Amino acid sequence: MENLKIEIQNKRKSFEDALAKVKDRHSLQDIRNEYLSRQRGIITGIFEQLKHVKPEERPEIGNLINDFKNHVQERVLALQEKFAAPKKVLEKVDLTLPGEKKYWGAPHPIPLFQQEIENIFLRMGFSIADGPEIETDYYNFGALNFPPHHPARDDWDTLYITDDVLLRTHTSPVQIRVMEKKKPPIRIINPGKVYRKEAPDPTHLPMFFQVEGLVVDLGITFAHLKGTLEYFLKALFHEKIKIRFRPSFFPFTEPSAEVDIECTVCGGKSEDCRVCGGGGWIEILGSGMVDPQVLKNVNIDPEKYSGFAFGLGVDRTAMFAYQIPDMRYFYENDLRFIRQFSLK
Ligand code: FA5
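Position 269 (the sequence shown) corresponds to 269 in the working numbering; numbering is contiguous.
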């Protein structure tokens, strides 16, 4: 019995020595296992020796061992609390800081600008027509007087889905679709997306928006075309823009003209302007008197009726209205750029 008492004293001392060296949770756990493990722990080992003690001496030794066990448990528990992971202190809230700004979605500048265009034409008595973006060769080219293999097709090259089905290169097929269904008087615009085989640069995109216009009635002349477009552009640019009509060629109009506006990026003053190339002018739309052959293709008598048509590039015109030096910004999805328009 005396030997066991001495052993308990020794173990108690070595436990205290070991505990004095503990620095963290892991070394504390090692000591806990060494002393309290149920299978191989030091205290379990001491309890096992109890069976060799005389029965009348067991209660006293049993008390000593229990006392040692409780002591070890208490000391380990106290240190476990000390080494426990620090509790999260509630963050202090500084009520004087500005709040987090939440952005609402905003319309993209191109549809916004397209709406401005539509509103001007609606005020002039035009209505809005619609047509498919996937077109047949006939509507995109054939009915508009582009014979098969004609070199004019190169300027309007696109992506073909089959030999006969393609992504439309302009909104002009809608002219044909409208004239097939409706007889004069016709006064429509058609806004929509178009596609071209084109390398992007500051003034060219492979996908962009156009607004097509078509007027067919009795006695329509080039003067109506010129007056309508001048009125429209002055309304769109708030009278502040210089416009010029330049003779041009389109297979489906005769005579044809392109309309240029003065470069709003350099004001015509920079020789190496990336937008106008130093010329001071930039083309924004094509136009002309509807070719009599096109009217014949849709069974409208060209001896009786005449008309004018135009196709405006929405992105390119928006670029000048907003004085943006590169049209690609519209599609880069940089929110710092897009949000400027939602603040208007
Ligand atoms: C046409 O697309 C004709 N359909 C326009 C037309 C309609 C003429 C009716 C006569 C009668 P054009 O390829 O020039 O024409 O394009 C018209 C406008 O679209 C251009 O003036 C320009 O503003 C815009 N545009 C043309 N190509 C691109 C491009 N790659 N990226 C952005 N805008 C373009």
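Cβ coordinates follow ideal geometry from the N, Cα and C atoms, glycine included.
Values in this document were obtained by computation on a predicted structure and should not be read as measured data.
- Three or more Cβ pairs closer than 8 Å define a contact, and the stretch 91-106 falls short of that threshold against the stretch 155-173.
- Annotation: the stretch 235-270 contains the following complete segments of the beta strand (DSSP E) (minimum length 3 residues), in chain order: 243-250 and 253-262.
- Collapsing the DSSP output to three states places residue 225 in a helix.
- Residue 83 sits in a helix when the DSSP states are folded into three classes.
- Residue 215 sits close to residue 187, with the two beta carbons spaced by under 7 Å.
- Annotation for residue 317: no beta strand (DSSP E) segment contains it, though the alpha helix (DSSP H) segment containing it runs 314-321.
- By the Cβ neighbour-count rule, residue 251 is buried, with 16 or more other Cβ atoms within 10 Å of its own.
- With a cutoff of 7 Å on beta-carbon distance, residue 320 and residue 264 are scored as near each other.
- As for any beta strand (DSSP E) of minimum length 3 sitting wholly inside the stretch 174-232, the runs are 186-195 and 207-218, ordered along the chain.
- Taking 6 Å as the cut-off, one finds at least one heavy atom of the ligand FA5 near enough to the beta carbon of residue 284.
- Of all C-beta pairs linking the stretch 291-298 to the stretch 135-155, three or more are shorter than 8 Å, placing the two stretches in contact.
- Nearest to residue 77 by alpha-carbon distance, out of 32, 93 and 62, is 32.
- Distances between the C-beta of residue 198 and the heavy atoms of the ligand FA5 include at least one below 6 Å.
- Looking at the backbone, the Cα of residue 170 and that of residue 93 are separated by about 57 Å.
- Contiguous beta strand (DSSP E) elements confined to the stretch 77-165 occur at 134-136, taking only those with 3 or more residues.
- Using a Cβ distance threshold of 7 Å, residue 317 and residue 288 do not count as a contacting pair.
- Spanning the alpha carbons of residue 19 and residue 28 requires a straight line of approximately 7 Å.
- The alpha-carbon of residue 30 is positioned some 24 Å away from that of residue 64.
- In the structure shown, residue 282 adopts extended strand secondary structure according to DSSP, grouped into three states.
- By alpha-carbon distance to residue 313, the top candidate from 303, 43 and 282 is 282.
- Residue pairing of residue 309 in beta bridges, as defined by DSSP: 214 and 288.
- Annotation for residue 142 indicates a beta carbon at 6 Å or more from all heavy atoms of the ligand FA5.
- DSSP places residue 45 inside the alpha helix (DSSP H), whose first and last residues are 42-49.
- Taking residue 42 as the centre and dropping the five residues before and after it, the same chain places the C-beta of 11, 34 and 35 closer than 7 Å to its C-beta, in chain order.
- Among the bridge pairs identified by DSSP, residue 167 is matched with 134.
- For residue 191 against residue 211, the beta-carbon gap comes to about 5 Å, under 8 Å, which counts as contact.
- Within its own chain, the residues whose Cβ lies closer than 7 Å to the Cβ of residue 200, once the five positions on either side in sequence are excluded, are 206 and 328, listed in chain order.
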